[in-house]
Amino acid sequence: MHRVTSARTWLAFPPLVDTNFGSFYPSTAVLAAYLEAAGIDTEQADLNEEFAVWLLERARHTGGRPPEVGPETMAGAAARWLARSHDSVFDGQGRHDFGAESPYGYLVRLLSGPYLVDPDESALGPVDRGRPVVAAYDEFYAQAGLASRIPEDTSLIGISVPMGPQLLPALLLAEQVKALGLTAPVVLGGPALSLMDTDDLGRLLRSHPAVDCVVRFDGERPLLELAEQAVADAWDPGGVAGVSHLSAEGPRHNAPGAGPNLNTLPMPQYPREALSLLAAPTLAVTQARGCYWGKCDYCDFIELYDGSPPFRGRHPGPFLDELSDLVERFGSSRFTFITESIPPAFARRVCQGLLDRGLDITWSSFAMVDRRFDRELLELMARSGCEFLVVGMETTITRVLELVHKSADREENLRFLRDARDVGLPLIVNLIPDLPSTTYEEAITALDDVAEFADSLRSVSVFPFEATRSSNVGRFPERFGLEVSAVGGSSGQAQYALNHLQNTDPAMTPGQRAEIHRRYRQFAESVNSRGYRAARPLGAEPDDVLRFAVEELDLLEIDGALVCTNMRTRERVRVPAKAAAILRPYVRGSAFTRRQLAARAGESTADRLFSNLLGAGMLVEAATAGEHDVRV
Ligand code: B12
Ligand code: SF4
């Protein structure tokens, strides 16, 4: 086979990371910078963002009924509504407003739900072409115009797979690229592959010949070496540290070498054209690889850097320089720090540096509860633009925290919550209701503890416990009171079923666990929905003039019943057929009063309908009865 010999690498970020819509994930930018510094041209393709746009177009072209989306689901409502309100997720300049801060961005994420595939065992075998989701991805790639976008003289194609749900689309992309007749080797890398068991990786390589090799852990050095081999027409992945490939004898997994010193890395090369399409991207700046604590037994984050020291941090100076550079070059103002948990000493110096340089940005970061985040430092962080910290608190039960080797105990956790509240530093608190050995009573106590601070939290995320095979808990389940079993629930939280260890935890009965999950979720929902629940219109008087909030509503008729979804407040009500018939004259936006409704339906029915619709945010005030009519 004749190989091309130009020094050009094409790097792609495939779907599906819906939570990254509207932003640019940094892996390709970081790798491109490293290759470019060594004289290798690179091109980057954010196919994940393109997939979001494709979904929106598909919703439009199918009249809001894409074939994979059930019409009664929230995704179905999102498809119908976005098909007619397409502009709501673009800004005045046509840039994507899909991110977490956009009021309707969540609808694009909802729309992508049916395409999210959590890879299980079946991902290791050949692709099942009968699956509708496979056909959808094939269709997406077909219209993406890969043939004209990947230069013919490309010497290497890299596909970045940080998250589990990207695995299937990445494998399909590899096949598509090979089907174009390109001879460039296809290399996959990213955390989803680094965390994969090597036996599984071997099976994957055997059944996916379109993948020439996989890079595990830090990508810079192995990718450069592979790219240089490809350019020199001397392809030999077996000679590169950190690479898994299929040799004549079967799958081979080379031990990884040490990753680069983060202080010597060039600045990430974010592609200007891709960023110019985004209304308010959050850019990522590397703070560290590895965690300065690194002891929590259920944690996978610390498993990502085999071959390297457990913690590599950056100096505050170059970190601040990178922030200044990104502000200057792209006008960016929102950043996320890439770190498992920001070290307090680093935070102090960077926050002071931000204030000294007058850098007007907002930033967010993972952090762990550490007594060195005292009230004064938390206040400095808030002042320097910290939009929020994501804190993996998990629980407040000291016994359990000690068992899994978390750093803080109950008192420290509560102190942290109190100080953050008092200085106005918003927190996103992650909770795991059922860390190994947690009893029902303990789970309730922890919930009560955190609920005390509900008003001051930005949001709460609940992650039912999931033992991953690549963590200490997965390797030594008996130390944590877990019984390995053939069956056992997977919450889907890791979104990577392949890495799930089936187990049962006898500390709670299945019924208790379900009840605990329900209570935690209810708590999280009550905190998280505060921001978007509308203030209710009054409508208390019989002659108050109201109408359906048609601009915000999706209405679906099923056998005469009406399913109303408010796309802004995310609320949904099902109006039975009889009541729907009474409301029919008004569902297109005509104004009406309770008195008018009572005349048609009787006092008590009108009262009930009114309070249900008002309670669920389906009605708004209108100017005058009968004069307002908005097209649905
Ligand atoms: C920040 C973050 C996010 C952010 C990303 C925002 C951003 N950065 O722009 C958001 C919020 C989107 C996110 C979402 C999720 N995340 Co996340 N995230 C992270 C985190 C903490 C950092 C990611 C990052 O920016 N890294 C910096 C880049 C430069 O590093 P990198 O991607 O690892 O790339 C390096 C190497 O992997 C390699 N490499 C990468 N690509 C390629 C390609 C080639 C060809 C080669 C050779 C090498 C290579 O080289 C790079 C340089 O060394 C990681 C943990 C971590 N420390 O990496 C988890 C992590 C990636 N996330 C994880 C998970 C589970 C999720 C979610 C699924 C969680 C959930 N249940 O909702 C969701 C995704 C859901 C979805 N479908 O949308 C897991 C993935 C595990 C797995 N097997 O799937 C990780 C590893 C954390 C963990 N251990 O649990 N996440
Ligand atoms: S603090 Fe967070 S990242 Fe660090 S070891 Fe614990 S869970 Fe993992």
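So the sequence shown is numbered by numbering that gives the first Met the number 0: it starts at 0 and just counts up by one. Glycine included, C-beta positions come from ideal geometry on N, C-alpha and C. Since this is a predicted model, take the numbers as computed values, not measurements.
Could you tell me if Thr592 is buried or exposed, where buried requires 16 or more neighbouring beta carbons within 10 angstroms of its beta carbon? Note on Thr592: 16 or more other CB atoms within 10 angstroms of its CB, so buried under the neighbour-count rule.
Tell me whether Ala191, by its Cβ, gets closer than 6 Å to a heavy atom of the ligand B12. Distances from the CB of Ala191 to the heavy atoms of the ligand B12 include at least one below 6 Å.
Do Val239 and Glu224 have their C-beta atoms closer together than 7 Å? Taking a C-beta distance under 7 Å as the contact criterion, Val239 and Glu224 qualify as a contact pair.
Could you tell me the boundaries of the beta strand (DSSP E) in which Leu555 lies? Where Leu555 is concerned, the enclosing beta strand (DSSP E) stretches over Leu552 to Ile557.
Three-state class that DSSP yields for Arg94 in the structure shown: Three-state DSSP puts Arg94 in coil, outside helix and strand.
Exposure of Thr182, with buried meaning 16 or more beta-carbon neighbours within 10 Å: By the neighbour-count rule (16 or more Cβ atoms within 10 Å), Thr182 is not buried but exposed.
Are Phe139 and Phe50 closer than 7 Å when you measure CB to CB? Remark: C-beta atoms of Phe139 and Phe50 approach each other more closely than 7 Å.
Secondary structure of Phe365, DSSP reduced to three states: Phe365: strand per DSSP, three-state reduction.
Contact set for Asp17: own chain, Cβ-Cβ below 6 Å, skip 5 residues either direction: Excluding positions up to five away in sequence, the list reads Arg108 and Ser111.
If you drop the 5 nearest sequence neighbours on each side, which residues of the same chain put their C-beta closer than 6 Å to that of Leu203? Shown here for Leu203: same chain residues with a beta carbon closer than 6 Å to its own, the five before and five after excluded, namely Leu123 in chain order.
Report yes if the CB atom of Pro343 is closer than 7 Å to the CB atom of Arg374, and no otherwise. Their beta carbons are not under 7 Å apart, which means Pro343 does not touch Arg374 by this criterion.
According to DSSP, what are the bridge partners of His252? Listed as beta-bridge partners of His252 by DSSP are Ser243.
The alpha helix (DSSP H) that contains Asp320, what's its start and end? Asp320: member of the alpha helix (DSSP H) spanning Pro315 to Phe329, first to last residue.
For Leu10, write down the residues that DSSP places opposite it in a beta bridge. Gln43 and Gly157.
Roughly how many angstroms lie between the CA atoms of Leu81 and Glu71, to the nearest whole one? Taking the Cα positions, Leu81 is about 15 Å away from Glu71.
Please confirm whether any heavy atom of the ligand B12 lies closer than 6 Å to the CB of Gly218. Flag set: Cβ of Gly218 near the ligand B12.
According to the Cβ coordinates, are Val428 and Val459 closer than 7 Å? Cβ distance < 7 Å, so Val428 and Val459 count as in contact.
Does the Cβ of Ile337 lie closer than 6 Å to at least one heavy atom of the ligand B12? At least one heavy atom of the ligand B12 lies closer than 6 Å to the C-beta of Ile337.
Could you tell me the distance, in whole angstroms, from the CA atom of Thr281 to the CA atom of Gly289? Taking the straight line joining both Cα atoms gives about 22 Å.
Quick check on this structure: which residue in Ile396, Gln43 and Pro65 has the alpha carbon closest to the alpha carbon of Leu430? Out of Ile396, Gln43 and Pro65, Ile396 has the C-alpha closest to the C-alpha of Leu430.
Tell me whether Glu71 sits in a helix, a strand or coil according to DSSP, three-state version. Coil, per DSSP.
Can you list, in chain order, the stretches of the beta strand (DSSP E) that have 3 or more residues and sit fully within the stretch 266-302? Listed in chain order, the complete beta strand (DSSP E) runs (minimum 3 residues) inside the stretch 266-302 are 282-285 and 287-289.
Okay, do the stretch 90-105 and the stretch 125-136 touch, 3+ Cβ pairs below 8 Å being the bar? Between the stretch 90-105 and the stretch 125-136 there are fewer than three inter-stretch CB-CB distances shorter than 8 Å, so the stretches are not counted as touching.
What are the start and end residues of each continuous alpha helix (DSSP H) run of 4 or more residues lying completely inside the stretch 399-439, in chain order? Complete alpha helix (DSSP H) runs here, min 4: 409-422.
Which residue from Phe336, Glu551, Arg468 and Glu48 puts its Cα closest to that of Asp198? The option with the nearest alpha carbon to Asp198 is Arg468.
Taking 6 Å as the line, does the beta carbon of Met367 fall inside it for any heavy atom of the ligand SF4? For Met367, the shortest separation between its Cβ and any heavy atom of the ligand SF4 lies below 6 Å.
Can you tell me whether His207 is helix, strand or coil according to DSSP? His207 carries a coil assignment under DSSP once its states are collapsed to helix, strand and coil.
So, under 8 Å CB-CB, Gln268 and Phe336 are touching, yes? Tell me the CB distance rounded to an integer number of Å. Actually they do not touch by this definition, with Cβ atoms about 19 Å apart.
Just to confirm, is the Cβ distance from Ser332 to Leu353 under 7 Å? For Ser332 and Leu353, no; Cβs fall outside 7 Å.
Rounded straight-line distance, which links the Cα of Ala615 to that of Ala76: The alpha-carbon atoms of Ala76 and Ala615 are separated by roughly 16 Å.
Close-in-space but distant-in-sequence residues of the same chain around Leu555 (CB under 6 Å, 5 per side omitted): The residues are Val562.
Euclidean distance between Cα positions of Lys577 and Ala560: In this structure, the alpha-carbon of Lys577 lies about 8 Å from that of Ala560.
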